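What follows is a single structure, written as structure tokens, with notes after it.
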Amino acid sequence: MNASAYFLVVAGILIAKCLGFVRDIVFASVFGASQYTDIYFQVFGMASLIFTGIGGALSTLVIKNLNKPENANPIAQKKYVAGFITQTALAAAAATLLLYVFAGPVVDIILPGLDDAMHHEALTTMYIMLPSCLFVIIAYIMSGVLQNCGVFFITSVMSLPYNVVIIASLMYDKISITAVSIVTTVGWLLHIVMLLPSFFKKGYTPFGKPSGLRLFKDNREIIYIFISSMMFQLVFMIDKACVSSDSGAASTVNYASNLFVTISSVFVVAMSNVSYPSICRHFESGNKPMVRKCLQYIITVLFAIFVPFILTVSCFGKEIISLLYQRGEFTKELSDTTAVLFCIYTFGIFGYVCQELFNKVLYLDGKYKYTVIGTAAAVCIKPLVNLLISGRGAVPAVAASTTVIFTVYAVCIFWAIKKSIGNYINKELAANIFKIILAGTAALGVYIAFDKLQITLPGGRFGFALLIVLCAAAYFAVLAATGCVKYIIRKQDALK
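Just so it is clear: in the sequence shown, position 78 is 142 by the numbering used here, and no numbers are missing.
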């Protein structure tokens, strides 16, 4: 990997995520925050949780297995992919039918306390969204195959049609939540449509004999990876369920957590998509020193991105949320609450980096126990913590406890990786982290100076953007002066 490939993927994901922003903004303007939106977000979150989680696990497993010695032959790779997709499609169809049977109890779990009318609405929404199981899983497998082939941009923008059709549906006057749910399911199908041309161009086919696969080993690994990739989604769902009795609170948690994940994923998912095939090849060839170099570079780049992200949200969170969401049914009170939650969740960023990227290093070494046990512990502890602090007005405390759990998880994963590949934290990495913190301090100093001097910037509601630019200028000036920018450019080929 080089910097140009990474930033190309960042650009692609940014385009797709910007449409996702627009989708959420339009949705908030049309529906605001109510029991109907709580139902949509919880059911959508449940569908997205299971299906994208399994799809992501399968994508990771496909990349890992395609780099095994037995799949070094291109013909063997194509046969493996065709059989894997066929087998998975059959299993997904069976799982979907099973979920239809247990849809009622699932609704009771994720949306407790609904009256009969709202329970029926939630059940209908669940029935509508369940068919997307097959679409999502196949799309993610195809995406993993294409990433392993070096096709990064098209996989980064595969959600474009999905967001477009939902936004288009929201333009209709008085559209119902049920209608949006139908469009959402169709949107998942369009992921496959987006990827098929590139998939066929690389010589792959989604149809083949399901026999000959390592069924037990693959299925076991899928379960481990699936569980390990579910921490954020499950914990956010637990938070929303905890506050669902307070009308609209679950929606504010959804807007805040979704915005946090959306922005974070632009950079983390891009880095994961581009770097994981390279890390996998180095690991499978036994070149652990190169794996350590890869991680040092990745940590430096992501740290340089997320320090200003945290500072921006901490200093300008209310202005950003107000600008994005405060219109129509989304009032100032909802905007302020969402901004506070957004800021709190942002400090859990390093847990998100571990779940989406660094966990994969442990997968390569078969060290699933760390990720599985860590995820299980977080998911089991979270409801107990929420129970202790729940009640009207306790939403910020619920969010804060989530951030603490994410951070503890990150520390444990970083320690586990060291046991797997050796000490990857050297003097050069420590020096780069110090330089980035120094640059962040300079940017924060600019903000504090303007705040203390009470300088009013032109632009009215958009005036804060000028201050962000000034803070960013100070940040990048220090990064350049300390040589950190030079390191990132010079070491960009570390992941090849």
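Cβ atoms here follow ideal geometry from the backbone N, Cα and C, with glycine treated the same way.
Note that this is a predicted model, so its numbers are computed, not measured.
Worksheet item: Shortest alpha-carbon distance to Ile469 belongs to which of Ser315, Ala156, Lys81, Phe296?
Response: In the sequence shown, counting from the first residue as 1, residue 469 sits at position 405. Checking every option, the nearest Cα to that of Ile469 belongs to Phe296.
Worksheet item: Taking only runs of the alpha helix (DSSP H) that begin and end inside the segment 118 to 171, which ones reach a length of at least 4 residues, in chain order?
Response: 138 to 165
Fill in: C-alpha gap between Thr189 and Thr326, whole angstroms
As a position in the sequence shown, residue 189 is number 125, starting the count at 1. As a position in the sequence shown, residue 326 is number 262, starting the count at 1. Between Thr189 and Thr326, the C-alpha separation is close to 24 Å.
Fill in: Phe280 in three-state terms, based on DSSP
Along the sequence shown, one-based indexing puts residue 280 at 216. Per-residue confidence for Phe280 stands at a pLDDT of 45, beneath the threshold of 50, marking its modelled position as unreliable; the derived number appears in the next sentence. Shown here, Phe280 sits in a helix according to DSSP, grouped into three states.
Practice prompt. Using 10 angstroms around the beta-carbon of Asn337, count the other beta-carbons present and answer buried if the total reaches 16, otherwise exposed.
Written response: Translated into the one-based positions of the sequence shown, residue 337 becomes position 273. Asn337 is buried by the Cβ-count criterion.
Worksheet item: Curious, which full-length alpha helix (DSSP H) runs of at least 4 residues does the segment 519 to 546 contain?
Response: 527 to 546
Item to complete: Give the straight-line distance between the Cα atoms of Phe218 and Ser196, rounded to the nearest whole angstrom.
Response: Taking the first residue of the sequence shown as position 1, residue 218 is located at position 154. Taking the first residue of the sequence shown as position 1, residue 196 is located at position 132. Looking at the sequence provided, one finds Ile at residue 218 rather than Phe. Rounded to whole angstroms, the gap between the alpha carbons of Ile218 and Ser196 is 21 Å.
Fill in: Touch test, the segment 406 to 413 against the segment 458 to 477, Cβ-Cβ under 8 Å, three pairs minimum
yes
Worksheet item: Looking only at C-alpha atoms, which of Lys143, Ser223, Met206, Val257 sits nearest to Ser123?
Response: Here the question's residue 123 lines up with position 59 in the sequence shown. Minimum Cα distance to Ser123 is reached at Met206.
Fill in: Contacts around Leu323, its chain only, beta-carbon distance under 7 Å, and the 5 residues preceding and following it disregarded
The sequence position of residue 323 within the sequence shown is 259, counting from 1. Counting only Cβ-Cβ distances below 7 Å, and skipping sequence neighbours, we find Phe406.
Worksheet item: Gly76 by DSSP, collapsed to three states: which one?
Response: Taking the sequence shown and counting its residues from 1, the one referred to as residue 76 is at position 12. Gly76: helix per DSSP, three-state reduction.
Discussion item. Does the distance between the C-beta of Ala480 and the nearest non-hydrogen atom of the ligand NAD fall short of 8 Å?
Written reply: With respect to the ligand NAD, the structure offers nothing, as it holds no ligand at all.
Worksheet entry | Phe331 to Lys266 span [Cα, whole Å] | To locate residue 331, count along the sequence shown from 1; it is residue 267. To locate residue 266, count along the sequence shown from 1; it is residue 202. Distance between the alpha carbons of Phe331 and Lys266 is about 26 Å.
Fill in: N-terminal and C-terminal residue of the alpha helix (DSSP H) that Gly504 is part of
Taking the first residue of the sequence shown as 1, we reach residue 504 at position 440. Here the alpha helix (DSSP H) through Gly504 covers 491 to 516.
Worksheet entry | Thr376 burial status per 10 Å Cβ neighbour count (16 or more: buried) | Within the sequence shown, residue 376 is the residue found at index 312, counting from 1. Buried.
Worksheet entry | Cα-Cα separation, Leu279 to Gly430 | Position 215 of the sequence shown, counted from the first residue, corresponds to residue 279. Position 366 of the sequence shown, counted from the first residue, corresponds to residue 430. Unreliable placement is indicated for Leu279, whose pLDDT of 47 sits below 50; no coordinate value is reported for it.
Fill in: Nearest residue (CA-CA) to Leu178, options Phe263, Phe166, Val307
One-based indexing of the sequence shown puts residue 178 at position 114. For Leu178, the nearest C-alpha among the options comes from Val307.
Discussion item. Can you tell me whether Ala458 is helix, strand or coil according to DSSP?
Written reply: For the purposes of this step, residue 458 is taken as residue 394 along the sequence shown, with counting starting at 1. Ala458 falls in the coil class under three-state DSSP.
Worksheet item: Between the C-alpha atoms of Asp102 and Ile173, what's the straight-line distance to the nearest angstrom?
Response: On the sequence shown, position 38 is the one that residue 102 refers to. On the sequence shown, position 109 is the one that residue 173 refers to. Rounded to whole angstroms, Asp102 to Ile173 spans 14 Å at the Cα level.
Discussion item. For Pro270, count the other beta carbons within 10 Å of its own beta carbon; 16 or more makes it buried, fewer makes it exposed. Which is it?
Written reply: Position 206 of the sequence shown, counting from 1, holds the residue named residue 270. Label assigned to Pro270: buried.
Fill in: Integer-rounded CB distance, given that Val215 should sit under 8 Å from Ser262
The residue given as residue 262 occupies position 198 in the sequence shown. The residue given as residue 215 occupies position 151 in the sequence shown. Ser262 to Val215, Cβ: 5 Å. Contact.
Worksheet entry | 6 Å CB neighbourhood of Tyr432 in its chain, flanking five on each side removed | Position 368 of the sequence shown holds residue 432. Same-chain partners within the cutoff: Tyr288.
Worksheet item: Going by C-alpha distance, which of Ile477, Ser386, Tyr236 is nearest Phe526?
Response: Here residue 526 refers to the residue found at position 462 of the sequence shown. Of the candidates Ile477, Ser386, Tyr236, the one whose C-alpha sits nearest the C-alpha of Phe526 is Ser386.
Worksheet item: Going by the beta-carbon positions, is the gap between Phe264 and Ile118 smaller than 9 Å?
Response: On the sequence shown, residue 264 is found 200 positions in, with the first residue counted as 1. On the sequence shown, residue 118 is found 54 positions in, with the first residue counted as 1. Not a contact, by the Cβ cut-off of 9 Å.
Worksheet item: In the structure shown, what three-state DSSP assignment does Val443 receive?
Response: The count along the sequence shown starts at 1 and reaches residue 443 at position 379. Val443 falls in the helix class under three-state DSSP.
Fill in: Backbone secondary structure at Met294 - three-state DSSP
Residue numbering aside, residue 294 sits at position 230 when the sequence shown is read from its first letter. Looking at Met294 - three-state DSSP - the assignment turns out to be coil, as it is neither helix nor strand.
Practice prompt. Take every Cβ of the segment 499 to 518, pair it with every Cβ of the segment 538 to 555, and state whether three or more of those distances are shorter than 8 Å.
Written response: yes
Worksheet item: Rounded to a whole number of angstroms, what is the C-alpha to C-alpha distance between Glu492 and Cys535?
Response: Residue numbering aside, residue 492 sits at position 428 when the sequence shown is read from its first letter. Residue numbering aside, residue 535 sits at position 471 when the sequence shown is read from its first letter. Spanning the two alpha carbons is a distance of roughly 26 Å.
Fill in: Under the three-state DSSP convention, the category Leu178 falls into
What you label residue 178 is simply residue 114 of the sequence shown in a count that begins at 1. In the structure shown, Leu178 sits in coil (DSSP, three-state: anything other than H, G, I, E or B).
Discussion item. Give me the residue from Ser233, Pro341, Lys238 with the minimum Cα distance to Val250.
Written reply: Locating residue 250 in the sequence shown gives position 186, where the first residue counts as 1. Of Ser233, Pro341, Lys238, the smallest CA-CA separation from Val250 is found for Ser233.
Worksheet item: Pick from Cys379, Arg356, Val443: whose alpha carbon is nearest that of Leu426?
Response: Here residue 426 is taken as the residue at index 362 of the sequence shown, counted from 1. It is Arg356.
Discussion item. Could you compute how far the alpha carbon of Ala203 sits from the alpha carbon of Leu259?
Written reply: Within the sequence shown, residue 203 is the residue found at index 139, counting from 1. Within the sequence shown, residue 259 is the residue found at index 195, counting from 1. Rounded to whole angstroms, Ala203 and Leu259 show a C-alpha spacing of 7 Å.
Worksheet item: Which same chain residues, not among the five before or five after Ile89, have their C-beta less than 7 Å away from its C-beta?
Response: The residue given as residue 89 occupies position 25 in the sequence shown. If we look at Ile89 and ignore the five residues flanking it on each side, its Cβ neighbours are Leu388, Tyr389.
Worksheet item: If you follow the alpha helix (DSSP H) that Asp400 is part of, which residue opens it and which one closes it?
Response: Indexing the sequence shown from 1 puts residue 400 at position 336. First-last of the alpha helix (DSSP H) with Asp400: 396 to 410.
Worksheet item: Can you list, in chain order, the residues of its chain whose CB lies under 8 Å from that of Leu224, leaving out five sequence neighbours each side?
Response: Here residue 224 refers to the residue found at position 160 when the sequence shown is read from its first residue. Same-chain partners within the cutoff: Ile79, Ala80, Leu83, Met258.
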